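Just so you know, the sequences run in chain order L and S.
For the first sequence, the numbering used here assigns the number -10 to the initial residue and increments by one for each residue that follows.
For the second sequence, the numbering used here assigns the number 395 to the initial residue and increments by one for each residue that follows.
Backbone N, C-alpha and C fix where the C-beta goes; we use that ideal spot for every residue, glycine too.
Since this is a predicted model, take the numbers as computed values, not measurements.
Below is one structure, written out as structure tokens; the observations come after it.
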Amino acid sequence: MAQPLPAAAPGSERTLTMARAGREAVFSEMRKNPNMFVIGEDVAKLGGVFGTTVGMAEEFGDARVIDTPISETGFIGIATGAAMAGMRPVVEIAFVDFIGVCFNQIYNFAAKTHYMSGGQFKVPLTFMIGYGGGYNDAAQHSQVLFATLGHVPGIKIVTPADAYDAKGLMASCLQDDNVTIWMVHKRLWGLGWLGFPLPKALATVPEHDYTIPFGQSRIWREGSDVTIVGLGLTVHNAMQAAEQLAGEGISAEVLDLRSVVPLDRDGIFKSVAKTGRLVVADEDYMSFGVTSEVLAVVAERDPSVLKSPAVRVAYPDVPVPFSRPMEDFCLPNVERIVTAVKATMKARK
Amino acid sequence: MSVDIVVPQDMWGESLEGVVVTWIYQNGAIVTQGKPIAEIMVEKAQLEITAPASGKLTILAVPETVIGRDQVVGRIDPA
């Protein structure tokens, strides 16, 4: 581990976007580990569609930062094999939607090899993936797909909601000895062309290395009446909803899952047991999704902690519409979360 | 002596304009010469401005401000 640097003078800390914070962790691990390399479409010359690899080709050269043709099955197969042979590949898939192209390599090979080889082969492979909609990019460029990935055993999945977590969770992914996916909602990268940075997604990020453990949720706001569980962008929607609800006398706790797999079941249950009400906000499709899994935690452990039925605010089970008004109607926005919370407050056992 | 933070003349093509996306340091922060201090965007490309001197940062062009080449976007004063 690198030595921690002296702390910045008060008021002179760095405030980073999520793209910059995430790639800082990659830079650091690349410097420490000569077996690590980055591969994907547009990672070298462009620096990543979402800025995840800016400056890496210049520092590490074209043997370690590799631009590929548009052939996900090919380069993910390469990365999986390289990982089995002792390398530590970092693979960029800019849009999660294209995971469909190469899913066989991921769910049949990368995710299962450690188990099927009786632990003889590790697959230390990290994916950097963008996801999410809200900017008229239609059904094949706006999906979230947490559940599609999370359903397959053997893959850890994290999705930071601010720059501090982006760096720490990325470092955890890169140091893990099996398949990890670091996913960032496109609205949160902080690039400008996908929206200017959300103030709460920018964060003070120390220059020294640090990790954030998998499966540890984070309470963004304490509350006593209802727990709003979110992840990625829905954390920010939940925070806005909580502020609005506070003005109406409703005290909402906002819990950020941070990891989809492993899921912080203890953290979820602890918060819901305290507040007695539950709303889950997720931009992935509703059925068989993260929202269902969070509700299952409470149903399996002790549904009697709930004072009212839990409410899910997720994407309806339809392809993402191109039309802006239709897309807005489907997104788990602040208004839908506020309505859901009010429903939990009205309903009585 | 205070030093202006100027968008370099050769940062992008003549006919384009840029926009300030974010400042890495807050107004009044102490910055170090040569370190990146701001991110700007030109036609989806991300560029960064580095500190021309060490000292105390004053931000003149806030995020979302449209900027041209040669424009003064901030100032650095001796700390």
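> Expressed to the nearest angstrom, what Euclidean distance is found between the alpha-carbon atoms of residue 133 (chain L) and residue 315 (chain L)?
Replying inline: Counting from one through the first sequence, the residue named residue 133 (chain L) turns up at place 144. Counting from one through the first sequence, the residue named residue 315 (chain L) turns up at place 326. Straight-line Cα distance between these residues: approximately 17 Å.
> Cα-Cα, which of L:302, L:68 and L:58 is closest to residue 280 (chain L)?
Replying inline: Stepping through the first sequence from its first residue, residue 280 (chain L) is reached at position 291. That would be L:302, whose Cα lies nearest to the Cα of residue 280 (chain L).
> For residue 181 (chain L) and chain S, any beta-carbon pair shorter than 7 Å?
Replying inline: Numbered from its first residue, the first sequence carries residue 181 (chain L) at position 192. Closer than 7 Å: yes.
> Quick one: does residue 457 (chain S) have its CB under 7 Å from some CB of chain L?
Replying inline: Position 63 of the second sequence, counted from the first residue, corresponds to residue 457 (chain S). By this cut-off, residue 457 (chain S) is an interface position.
> How would you list, in chain order, the residues of chain C whose beta-carbon sits under 7 Å from the beta-carbon of residue 422 (chain S)?
Replying inline: Here chain C cannot be found, since the structure's protein chains are L and S.
> Along chain S, which residues have their Cβ under 9 Å away from the Cβ of residue 191 (chain L)?
Replying inline: Here residue 191 (chain L) is taken as the residue at index 202 of the first sequence, counted from 1. Correct list: 416.
>> Does residue 412 (chain S) come out as helix, strand or coil in the three-state DSSP assignment?
In response: The residue given as residue 412 (chain S) occupies position 18 in the second sequence. Of the three classes helix, strand and coil, the one that applies to residue 412 (chain S) here is strand, per DSSP.
>> Taking only three categories from DSSP, how would you classify residue 326 (chain L)?
In response: One-based indexing of the first sequence puts residue 326 (chain L) at position 337. Helix.
>> Going by beta-carbon coordinates alone, are residue 262 (chain L) and residue 294 (chain L) separated by less than 7 Å?
In response: Here residue 262 (chain L) corresponds to residue number 273 of the first sequence, with the count starting at 1. Here residue 294 (chain L) corresponds to residue number 305 of the first sequence, with the count starting at 1. Contact: yes.
> So, residue 436 (chain S) versus residue 417 (chain S), is the Cβ gap smaller than 7 Å?
Replying inline: Position 42 of the second sequence holds residue 436 (chain S). Position 23 of the second sequence holds residue 417 (chain S). Going by C-beta atoms, residue 436 (chain S) is not nearer than 7 Å to residue 417 (chain S).
>> So residue 149 (chain L) and residue 173 (chain L) are supposed to be a Cβ contact under 8 Å. How far apart are they, rounded?
In response: Position 160 of the first sequence holds residue 149 (chain L). Position 184 of the first sequence holds residue 173 (chain L). Right, their Cβ atoms sit about 7 Å apart.
>> Give the list of continuous beta strand (DSSP E) stretches no shorter than 3 residues that lie fully inside the segment -6 to 53 of chain L.
In response: 25 to 29
> Are the C-beta of residue 16 (chain L) and some C-beta of chain S separated by less than 7 Å?
Replying inline: Here residue 16 (chain L) is taken as the residue at index 27 of the first sequence, counted from 1. Closer than 7 Å: no.
>> Using 8 Å as the cut-off, can you tell me whether the segment 449 to 456 of chain S makes contact with the segment 422 to 441 of chain S, which would need three or more C-beta pairs spanning the two stretches below that distance?
In response: yes
> Taking the alpha-carbon positions, what's the residue 203 (chain L) to residue 177 (chain L) distance?
Replying inline: The count along the first sequence starts at 1 and reaches residue 203 (chain L) at position 214. The count along the first sequence starts at 1 and reaches residue 177 (chain L) at position 188. Taking the straight line from one Cα to the other gives about 20 Å.
>> Using the three-state DSSP reduction, which class does residue 471 (chain S) fall into: helix, strand or coil?
In response: Locating residue 471 (chain S) in the second sequence gives position 77, counting from the first residue. In the structure shown, residue 471 (chain S) sits in a strand (DSSP, three-state: E or B).
> Can you list, in chain order, the stretches of the alpha helix (DSSP H) that have 4 or more residues and sit fully within the segment 54 to 91 of chain L?
Replying inline: 61 to 73
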